[in-house]
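S.K.: Can you keep this structure in mind? I'll have questions shortly.
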Amino acid sequence: MARTLDRRPPPTSPSPKGFRKALLLVERQTKEAVYDCRMCGQCILHSTGMSCPMRCPKNLRNGPCGGTFQDGSCEVVPSMKCVWVQAWEGSRKLPLWRDHMEHVERPVDWRLQETSSWENLVTRRDRYVPDGWDERGHG
Amino acid sequence: VTEGPDGSSAVAADPEPLSGLHRLLLRGEFVVTAELETTDSADPASIERAAQGLRGTVDAVNCTDNSAAHPHVAPMAASHLLLDAGIEAITQFACRDRNRLGLQADLLGAAALGVRNVVCMTGDDVGAGDHPEAKPLYDIDAIHLLRIARTMRDDGRYLSGRQLTDPPRFLIGAVENPFAPPIDFRPMRLGKKIEAGAEFIQTQICFNVEKLRIFMARAADLGLLEHVWVLAGVFVPRSARGAWYLRDMVPGIDVPDAVVRRLDGTLPDAQRAEGIELALEIVEEVRSIPGIAGIHLMTIRNEGAIAEVVERAGLLPRPATVAHPVA
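Listed in order, the protein sequences are those of chains A and B.
Residue numbers for the first sequence follow my numbering, beginning at -8 and rising by one.
Residue numbers for the second sequence follow my numbering, beginning at 1075 and rising by one.
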């Protein structure tokens, strides 16, 4: 693989102002209210049955841990239903993207925390993948 | 699950085995592994002592990574000490206590110390342990770690893309829990783990054999079993209290009422023997499930019982696993 190493951070401008700030506010207000969104800035809600994976106390992006209780509640916060039980049930009800539950999601880019995923989608900043992340898979 | 473009699969891996365990799996032996909670001692002999009862009884010993979120001797160090003592080790890597830098450094370091089998997992919550106030990391999840380990081994690169001078050589394993919700998703999650790089799986403790049967049938339907060796987790309870503990205190374990009732209905003096009987019955049942390549034995302060189960299941003598000499 002859790719050179890109050490630059993904393109962005610092503190959002004007339209970008408004966009961030709108996204935060609506998604926090509807999905209990944690503003990771790299939204995959549609791939996880509209259940925000960042609510999982272990921040799992690829499915449940092994600790889900038999009644489907979370091992860390037993008063909460497992985010991934919700994701599985939610994904079965979606008209599209059901197969996304089988996709391997890439590691979180923690620099995007508290930024707008809508903006990052447009600027493609959320497409950043480390050079050594192999998207094609094995097995 | 997508096929790798190179058409590689775990079973048709390169003919040179990566580890002693790998050699047995390639040969089609029914393998036996066991879990060793590493000690709380700075005395190197403590590790060998703890594993003494497993020598010659099992093919490889898992060195747990701060199991139940309690710190113990680092699994990499424990594995190294086991290898020195001639016991094949499987080193666990949990994502709770290290970020992606620490995990990659330790994968490489473990390989340099002679580790030839690794198992990647998410890790229990810190709330389950004796430092509930700690900051859990979970920078990456188990599936990310599997792919990173596989990329380090096969492509000789870190996640960043930076080249390794000498890539590690180890067999890569994962865990799966066929017994916890969402049950229907679990086989797909197995598929994701294989796609990410897992070559063998150790399952969570199986008391409910029917659930494991369904899980394996579904995995077979998805075409996963040609790509992975599945070792069924079997627990050897020492007493009825042990079964209660698993049912009430350990999340994610399905302990049917019949199991608890059976041990409860046994006189205290006979409970240890009844626990062994129970484990033997489960071993017998899981052996008949197509695709199960071995068993992974677990217990709590009852290590002697593991040898008894292996012997009475007719799984002795174990074929020689020559632990790898440390380079």
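Glycine residues also receive a C-beta, built at the ideal position from the N, C-alpha and C atoms.
What residues from the region 1278 to 1302 of chain B come within 7 Å of chain A, judged by C-beta to C-beta, listed N to C?
M.R.: Those would be 1278 and 1301, in chain order.
S.K.: Please report the straight-line C-alpha distance between residue 11 (chain A) and residue 110 (chain A), rounded to a whole angstrom.
M.R.: Cα to Cα, the separation comes out at about 8 Å.
S.K.: For residue 1144 (chain B), does the three-state DSSP call read helix, strand or coil?
M.R.: Note: residue 1144 (chain B) maps to coil in three-state DSSP.
S.K.: Does residue 132 (chain A) have its Cβ less than 7 Å from a Cβ in chain B?
M.R.: With chain A covering -8 to 130 only, the question about residue 132 (chain A) has no answer from this structure.
S.K.: If the criterion is Cβ atoms closer than 7 Å, does the pair residue 1133 (chain B) and residue 1149 (chain B) meet it?
M.R.: For residue 1133 (chain B) and residue 1149 (chain B), no; Cβs fall outside 7 Å.
S.K.: Roughly how many whole angstroms lie between the Cα atoms of residue 1166 (chain B) and residue 82 (chain A)?
M.R.: One C-alpha to the other measures close to 32 Å.
S.K.: Leaving out the 5 sequence neighbours to the left and right, which residues in its chain are closer than 7 Å to residue 1081 (chain B) when beta-carbon positions are compared?
M.R.: Because the pLDDT at residue 1081 (chain B) is just 45, under 50, the model does not fix this residue reliably, and the point stays unresolved.
S.K.: Would you grab the beta carbon distance between residue 58 (chain A) and residue 1249 (chain B) for me? Rounded to a whole angstrom, and I think it's under 8 Å.
M.R.: Contact flag wrong, Cβ pair sits at about 11 Å.
S.K.: Look at the Cβ atom of residue 74 (chain A), then the Cβ atom of residue 47 (chain A), and state whether they are nearer than 7 Å.
M.R.: Yes, they are a contact pair.
S.K.: Taking Cβ positions only, does residue 88 (chain A) come closer than 7 Å to chain B?
M.R.: Not an interface residue.
S.K.: Give the residues of chain B in contact with residue 144 (chain A), contact being defined as C-beta atoms less than 9 Å apart.
M.R.: It is not possible to answer for residue 144 (chain A), since the shown part of chain A is limited to -8 through 130.
S.K.: Helix or strand or just coil, what does DSSP make of residue 1303 (chain B)?
M.R.: In the structure shown, residue 1303 (chain B) sits in a strand (DSSP, three-state: E or B).
S.K.: Using the Cα positions of residue 1303 (chain B) and residue 55 (chain A), report the straight-line distance between them to the nearest angstrom.
M.R.: Spanning the two alpha carbons is a distance of roughly 21 Å.
S.K.: Can you give me the Cβ contacts of residue 113 (chain A) inside the same chain, cut-off strictly under 8 Å, excluding the 5 residues immediately before and after it?
M.R.: Nothing meets the Cβ criterion.
S.K.: Where residue 1202 (chain B) and residue 1357 (chain B) are concerned, what is the direct C-alpha to C-alpha distance, given to the nearest angstrom?
M.R.: In a straight line, the C-alpha of residue 1202 (chain B) is about 29 Å away from that of residue 1357 (chain B).
S.K.: Verify whether the separation of the beta carbon atoms of residue 105 (chain A) and residue 45 (chain A) is less than 7 Å.
M.R.: No, Cβ-Cβ distance for residue 105 (chain A) and residue 45 (chain A) is not below 7 Å.
S.K.: Taking the beta carbon of residue 1362 (chain B) as the centre, do at least 16 other beta carbons fall within 10 Å, making it buried, or is it exposed?
M.R.: Answer is exposed; the Cβ neighbour count stays below 16.
S.K.: From the beta carbon of residue 1209 (chain B), is the nearest beta carbon of chain A less than 7 Å away?
M.R.: It does not; no Cβ of chain A falls within 7 Å.
S.K.: Within 7 Å of any Cβ in chain A, is that where the Cβ of residue 1090 (chain B) sits?
M.R.: No, residue 1090 (chain B) does not count as interfacial toward chain A.
S.K.: For a contact meaning CB atoms closer than 7 Å, what does residue 1212 (chain B) contact in chain A?
M.R.: Simply 49 and 50.
S.K.: Just to check my reading of the structure: residue 1314 (chain B) and residue 1334 (chain B) have Cβ atoms closer than 8 Å, yes? What is that Cβ distance to the nearest angstrom?
M.R.: Correct: roughly 7 Å between the Cβ atoms.
S.K.: In three-state DSSP terms, what is residue 72 (chain A)?
M.R.: Correct three-state label for residue 72 (chain A): strand.
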